[in-house]
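K.L.:
Positions in the sequence shown are counted from 1; adding 196 to them yields the working numbering.
Each residue gets a CB set at the ideal place from its N, CA and C atoms; glycine is no exception.
The model shown is predicted, which means the values in this text are computed figures rather than measured ones.
First the structure, which I've put down as structure tokens, then a few questions once you've had a look.
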Amino acid sequence: MVFVRSRFFFVPLVVLVLGLQWGCGRKTSESEVPRTFIFARGSDAQKLDPADVDDGESVNTLSQICEGLVRFKSGTLEIEPCLASRYTIEDDGLTYRFELRAGVTFHDGTPLTAEAALFTFRRQMEEDHPGHLPGANFQYWRFLYQDVDSVEAEGPMTVVIRLKRPNASLLNSLAIFPAFLVSPSGLEAYGEEFQRNPIGTGPYRLISWEPNEAIIMERNPDYWDLENAPRFERLVMKVVPDNTVRLLELRSGRVHGLDGLQPAEIVFLDADQGFTVYQQAGLNVGYLTFNLNLPKYQDPEVREAIAMAINRNELAMVALDGAGRPASYPIPPGFLGEPKVPNAVIRDVDRARAILSKHAADFTEPIRLQVMSAPRQYFPDPVKVASFVRSELEAVGLRVEIVSKDFKSHLASLRDFDYDLGLIGWVGDNGDTDNFLGILLGSWAATKGSATNFSSYKNEEMDRLLLAARSETNRDERQRLYEECLKIWRRDLPIFPLIHGDNIAVMRSEVTGFELQLIGDLRLGPLGWAGGGGK
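Here it is as structure tokens:
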């Protein structure tokens, strides 16, 4: 859906000046149809092994290179066949059978067969598997696929997945990046360097990767999906950390699409016929995480006081400028399990100040509030969010020092529980509530070094309810179980949700075939150019 905003914005002077200087976006004539599509983003991928990533830039790159047995129908959360031509689920919910497409090959020429498909799953399941690379975490296998009992070949082109117990979100989880199939021969050839040399079946194949500069891909001439076959010969995902520079490059035509902009920065693009702004509610949450390994945050009263000090409504206006909304729960609005109570934590500055004054001895040193420097859907300007939170906490008597790190270093600190307070977020992978609550609150996600439960929160009752909800196929019962999970979260507040950001991307108006995806990944394979063979 393309949403063009009509409301007025507060626009910083520097943006206003740039807008006047830029003028209108220059249209490109049919004779100037580019052979290379260039997409600009704020930061680089970290690594490109689909079984061992958890950052959005890596996923967005892999989404051009690799595919799974099933996928989400574009723009929806509806499952459709992908590398499997069809699938069936037995009535007991324990057996999933996938019939593979004939004639599909990986980028290195390896044919897609049942045995080749098994490689992707078994390398994550079995520690002695040759594809279970040293140093790889395979954390998503533990989080999303822990109910898989076995994966077998039933003939040359049939894959059968058997479960230990029903899993209501399994099919959705098979549609996302940890289940992308990779070439067995490619991984055998590259070994530990596979994370820099991924080989899948997707519309583009990797040519080169210059870290923090650009990832260059070329069209897969043997791509099986003719309807979505790439029109461009090459695809470049270019790193341009500065938002203003990214916009200038879009205006000049040096790049053709981008994301990661601040809302105020696209106000002039909305009104310019040379560009199309794509915007929709994102399935994400930006939140404040407490390091529960530190004694000063182990009292829930302290965590609640810090939460009560922060005005999320004002933060949403300051940080999102209409391109999102304040968060009340650690799941997106409308997700299964959302309670009827609209506001889980009521702001109360006086009470927050009174509680924190009782704990003043624990806060004689400034709080180190850590944040990443690169933009994300939920925090288009992370340092602006940190500055707002600092001012709110200082208003209730705390001293705060902002520590800004590049995204990779920030994640590493959070995973190692080497921080004080942290600002981070989660973009949903599979459109299911379990993918938020299980990832952010499950004790299985609190392993040092690979954690996504950055607070190191562990609660047996929470774990029991999360696992019960994952196995439950009755929607009403799942709703009840997740409501119980959120009651425990509200009592303990190991993390405090702040805002939900919109998913925004901008393309030059000549670009055709682009559609935002609800789970936030980029699909650049179907793109074309008006008058140049695009859809």
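Contact criterion: CB-CB distance below 8 Å. Does residue 527 meet it with respect to chain B?
P.N.:
Absent from the structure: chain B. Only one protein chain is present.
K.L.:
Assuming the contact rule is C-beta atoms closer than 8 Å, residue 489 and residue 528 should be a hit. Round their C-beta distance to whole Å, please.
P.N.:
Actually they do not touch by this definition, with Cβ atoms about 28 Å apart.
K.L.:
Would you list the one or two residues that DSSP bridges to residue 432?
P.N.:
Paired residues: 234, 412.
K.L.:
Below 8 Å between beta carbons: does that hold for residue 695 and residue 564?
P.N.:
Not in contact: residue 695 and residue 564 (Cβ atoms no closer than 8 Å).
K.L.:
Considering Cα atoms alone, identify which of 331, 523, 568, 591 is closest to residue 552.
P.N.:
Residue 591 is the option with its Cα nearest to residue 552.
K.L.:
Under a Cβ-count criterion, where at least 16 other Cβ atoms within 10 Å of its own Cβ denotes burial, should residue 441 be classed as buried or exposed?
P.N.:
The residue in question, residue 441, is exposed, as its Cβ has fewer than 16 Cβ neighbours within 10 Å.
K.L.:
Can the beta-carbon of residue 555 be found closer than 8 Å to that of residue 498?
P.N.:
Result yes, Cβ atoms of residue 555 and residue 498 sit closer than 8 Å.
K.L.:
When DSSP labels each residue in this structure, what does residue 359 get in the three-state scheme?
P.N.:
Here residue 359 sits in strand by DSSP.
K.L.:
Please list, in chain order, all residues of the same chain as residue 276 whose beta carbon is under 7 Å from its beta carbon, the five residues on each side excluded.
P.N.:
So the qualifying residues of the chain are 266, 267, 269.
K.L.:
Using three-state DSSP, classify residue 263 as helix, strand or coil.
P.N.:
DSSP places residue 263 in strand when its eight states are reduced to three.
K.L.:
With residue 480 as the anchor, note down where its beta strand (DSSP E) starts and where it stops.
P.N.:
Taken as a continuous stretch (DSSP letters only), the beta strand (DSSP E) holding residue 480 covers 480 to 486.
K.L.:
Quick one, which of 329, 349, 369 has its alpha-carbon nearest residue 337's?
P.N.:
Closest option to residue 337, Cα to Cα, is 369.
K.L.:
Suppose the cutoff is 8 Å on Cβ atoms and the five residues either side in sequence are ignored; what does the same chain contact list for residue 232 look like?
P.N.:
For residue 232, where only same-chain residues beyond five positions count, the Cβ hits under 8 Å are 428, 429, 430, 431, 432.
K.L.:
I need the DSSP call for residue 509, collapsed to helix, strand or coil.
P.N.:
Reduced to three states, the DSSP call for residue 509 is helix.
K.L.:
Checking 8 Å against the spacing of the C-beta atoms, do residue 702 and residue 725 come in under that value?
P.N.:
No.
K.L.:
Mind checking who residue 601 pairs with in its DSSP beta bridge?
P.N.:
Answer by DSSP bridge pairing, in chain order: 568.
K.L.:
Residues in its own chain within less than 7 Å of residue 675 by CB, not counting five upstream and five downstream?
P.N.:
These residues qualify, in order along the chain: 532, 533.
K.L.:
Tell whether a beta-carbon distance below 8 Å holds between residue 621 and residue 572.
P.N.:
Going by C-beta atoms, residue 621 is nearer than 8 Å to residue 572.
K.L.:
Closest by CA to residue 504, which one among 471, 589, 469?
P.N.:
Per the Cα distances, 589.
K.L.:
With H, G and I counted as helix, E and B as strand and the rest as coil, what does DSSP make of residue 491?
P.N.:
Three-state result, residue 491: helix.
K.L.:
Helix, strand or coil for residue 688, going by three-state DSSP, please let me know.
P.N.:
Helix at residue 688.
K.L.:
Given this structure, state the Cα-to-Cα distance separating residue 637 from residue 643, to the nearest angstrom.
P.N.:
Cα to Cα, residue 637 sits roughly 12 Å from residue 643.
K.L.:
When burial is assigned at 16 or more other CB atoms within 10 Å of the CB, is residue 222 buried or exposed?
P.N.:
Reliability fails at residue 222, whose pLDDT of 47 lies under 50, so the model's placement of it is uncertain and no value is given.
K.L.:
Tell me the DSSP bridge mates of residue 475?
P.N.:
Answer by DSSP bridge pairing, in chain order: 700.
K.L.:
Between which two residues does the beta strand (DSSP E) holding residue 346 run?
P.N.:
Where residue 346 is concerned, the enclosing beta strand (DSSP E) stretches over 344 to 349.
K.L.:
Three or more C-beta pairs closer than 8 Å, one from the region 344 to 352 and one from the region 376 to 394: is that the case here?
P.N.:
Flag = no, the region 344 to 352 and the region 376 to 394 do not touch.
K.L.:
Measure the CB-CB distance between residue 570 and residue 238 and report whether it falls below 8 Å.
P.N.:
The answer is yes: Cβ separation under 8 Å.
K.L.:
Going by alpha carbons, who is nearest to residue 456 out of 722, 727, 718?
P.N.:
Closest by alpha carbon: 718.
K.L.:
In the DSSP assignment, what residue or residues form a beta bridge with residue 781?
P.N.:
Nothing about residue 781 can be read from this structure; the chain reaches only from 197 to 731.
K.L.:
Let me know the secondary structure DSSP gives residue 252 once reduced to three states.
P.N.:
Reduced to three states, the DSSP call for residue 252 is helix.
K.L.:
Hey, how far is the Cα of residue 225 from the Cα of residue 720?
P.N.:
Interpretation of residue 225 is limited by its pLDDT of 47, a score under 50 that renders its predicted location unreliable; the figure taken from the coordinates is listed afterwards. Distance between the alpha carbons of residue 225 and residue 720: 21 Å.
K.L.:
With burial defined as no fewer than 16 other Cβ atoms inside 10 Å of the residue's Cβ, what is the status of residue 475: buried or exposed?
P.N.:
Buried, by the Cβ-count rule.
K.L.:
Please name the residue or residues paired with residue 454 in a DSSP beta bridge.
P.N.:
Per DSSP, 236, 702.
K.L.:
For residue 282 and residue 672, what's the separation of their Cα atoms in angstroms?
P.N.:
C-alpha separation (whole angstroms): 29 Å.
K.L.:
Quick one: what's got a C-beta closer than 7 Å to residue 409's C-beta in the same chain, skipping five residues either side?
P.N.:
Excluding positions up to five away in sequence, the list reads 435.
K.L.:
For residue 245, does the count of other Cβ atoms within 10 angstroms reach 16, so buried, or fall short, so exposed?
P.N.:
Flag for residue 245 reads buried.
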